[in-house]
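Numbering follows this note's numbering, with no gaps: position 245 of the sequence shown is 246.
Even glycine gets a Cβ: it sits at the ideal position worked out from N, Cα and C.
One structure is given here, and the rest of the page talks about it.
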Amino acid sequence: MKKLWRSLVWLLAAPCAFATPPLETARADSVQVLKIRASETDPKITQADFSHYAYVDHDVLARREGAAADRQTLLLWIPGTQPPGTSGEGPGGAGHFCELAARLGYHAIVLKYPNDKSATVCRRDPDPHEFERFRRALIFGGESKHLTVSRHDSIESRLVHLLQYLVRTDAAGDWGRFLTADGAPQWEAIAVAGQSQGGGHAALIALHHRVARVICTGSPKDYSLAHDAPAAWLSLPSATPKERFFTFNHEQDRQGCSPEQQGANLRALNLEQFGPAVDVDRAQPPYRHSRILTTNHPGTKLDSKTAHTSVMNPRHANVFTPVWRYLLTEPTDAPQAHSSTDCESESLQPITAATR
2 MKKLWRSLVW
12 LLAAPCAFAT
22 PPLETARADS
32 VQVLKIRASE
42 TDPKITQADF
52 SHYAYVDHDV
62 LARREGAAAD
72 RQTLLLWIPG
82 TQPPGTSGEG
92 PGGAGHFCEL
102 AARLGYHAIV
112 LKYPNDKSAT
122 VCRRDPDPHE
132 FERFRRALIF
142 GGESKHLTVS
152 RHDSIESRLV
162 HLLQYLVRTD
172 AAGDWGRFLT
182 ADGAPQWEAI
192 AVAGQSQGGG
202 HAALIALHHR
212 VARVICTGSP
222 KDYSLAHDAP
232 AAWLSLPSAT
242 PKERFFTFNH
252 EQDRQGCSPE
262 QQGANLRALN
272 LEQFGPAVDV
282 DRAQPPYRHS
292 RILTTNHPGT
302 KLDSKTAHTS
312 VMNPRHANVF
322 TPVWRYLLTE
332 PTDAPQAHSS
342 TDCESESLQP
352 ITAATR
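Written out as structure tokens, the structure is:
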């Protein structure tokens, strides 16, 4: 029956030949799924005008009891690079994950943005800050050697306009709690998450803003071949305590960087202070409270692309749901977690020629 419901959800949410209202509603069990075209939230959006998806479990909101109702956190899911020649419509593999998050008491959003170019274009750049410039252009709007993104097309602006739109059109969802009085994102009430390129954006946002939680799957991948070292930004001071960071990667994933380089990236983020990587195939939650989770499921040889996306593939939900639940609910003040040095958002200064 649940599979039938999910099929109906995506059938109802799919584009059709008839004119459709800007806000489409469907339900997966008690989870309401909203589909909103990006330009309906901000007519100045010109790139990647695909549909965002929003998830909320109104039953959880109505009960207002237990841990789920107390969570009061927005999960912002940032997708990875859109493969050339494919459509940017649909929630991708994150749909099932966001439904789970909603049932656990989160509000959840799959946010579309200009993601047709991969950060791997920066791998051979001699400038150690080019990875960061590339990502800052997408997150906040701006320019790098490889792309230009207007403020309206940026991740941060799209999030603000989507939340404002949901405040107007879904009053029962109580989306306004994720905006400050002056209309900025209420970052400490937001868990930032993403796959591949999106996971890298989530990590950089968390260095710049103090957020509720960080979930990086198939990421972060920014490894400089020019310097044979992790991207410089991975070692920056963090506005978010490092115990709030969680990663989940496949051992056969070589997209963007090798597994060895991936390990170096995680060491640059200083996540090993909470214990070594844990293979979820051989462990049970809470995975020794590690912030570095890995898998080799199904245990046979995989091509790199398949391995890369498998950690969020809904076809593996029967295997990975306990892992996803851990990523979403593991306390960020676990006994094994040692406090990292916090810093204010101002610590991440715009890159200029003087900082090269």
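Proximity of residue i and residue j at Cβ, strictly below 8 Å
i: P221; j: N266; result: yes
i: Y54; j: V32; result: no
i: K118; j: H147; result: yes
i: L163; j: T42; result: yes
i: R292; j: F321; result: no
i: A192; j: I156; result: no
i: L75; j: I110; result: yes
i: H317; j: H298; result: yes
i: S311; j: H228; result: no
i: L180; j: Q253; result: no
i: L329; j: A102; result: yes
i: H108; j: G174; result: yes
i: G96; j: R72; result: no
i: P277; j: Y327; result: no
i: D171; j: L35; result: yes
Distance between beta carbons of residue j and residue i, contact taken as under 8 Å
i: W78; j: G195; result: 6 Å
i: R124; j: L226; result: 5 Å
i: V324; j: V279; result: Wrong, their Cβ atoms sit about 10 Å apart, outside the cutoff.
Reference residue i, options the options, closest by Cα
i: L272; options: T322, F249, I110 and R326; result: F249
i: A232; options: P129, T82, Y107 and P84; result: P129
i: S40; options: G184, L76 and R159; result: R159
i: Q198; options: R137, H209 and D171; result: R137
i: P127; options: S236, T301, Y224 and D280; result: Y224
i: P242; options: Q262, I206 and L294; result: I206
i: D58; options: E90, H309, E100 and K36; result: E100
i: N314; options: G89, Q73, S52 and F98; result: F98
i: R152; options: T296, V168 and K45; result: K45
i: A38; options: Q83, P84, P85 and E90; result: Strictly speaking, residue 38 in this sequence is Arg, with Ala absent from that position. Checked all of Q83, P84, P85 and E90; the closest Cα to R38 is E90.
i: T358; options: E261, A230, G94 and Y327; result: No statement about residue 358 is possible, as the shown extent of the chain runs from 2 to 357 and does not include it.
i: T295; options: P260, F275 and Q274; result: P260
i: D50; options: N319, L235, V122 and N116; result: N116
i: P84; options: A120, P286 and G96; result: A120
i: R255; options: Y166, G219 and G142; result: G219
i: H309; options: G257, A284 and Y327; result: G257
i: H209; options: T87, I140 and S305; result: I140
i: S145; options: A230, V122 and A203; result: V122
i: D334; options: N319, S305 and F275; result: F275
i: S52; options: G81, D60, P92 and T82; result: P92
Exposed unless 16 or more other CB atoms sit within 10 angstroms - verdict on residue i
i: P332; result: exposed
i: A185; result: exposed
i: E189; result: exposed
i: E131; result: buried
i: E244; result: buried
i: Q263; result: buried
i: G300; result: exposed
i: R104; result: buried
i: D154; result: buried
i: E240; result: Rather than Glu, the amino acid found at residue 240 in this sequence is Ala. Counting Cβ neighbours within 10 Å, A240 comes out buried, since at least 16 surround it.
i: L235; result: buried
i: R64; result: exposed
i: A169; result: Just to set this straight, residue 169 is Arg in the shown sequence, not Ala. R169 is exposed by the Cβ-count criterion.
i: R283; result: exposed
i: S88; result: exposed
i: G86; result: exposed
Bridge partner(s) assigned by DSSP for residue i
i: V193; result: L77 and V215
i: H53; result: I37
i: I1; result: With the chain covering 2 to 357 only, the question about residue 1 has no answer from this structure.
i: N250; result: T295
i: V324; result: Paired residues: none, contrary to the question.
i: R143; result: The question names Arg, but residue 143 in the sequence shown is Gly. The partner list for G143 (beta bridge, DSSP) reads V150.
i: D280; result: T295
i: P44; result: Beta-bridge pairing links P44 to no other residue.
i: Y224; result: P231
i: L180; result: P186
Closer than 8 Å to chain C by CB, residue i
i: A230; result: Among the chains of the structure shown, chain C does not appear; only one protein chain is present.
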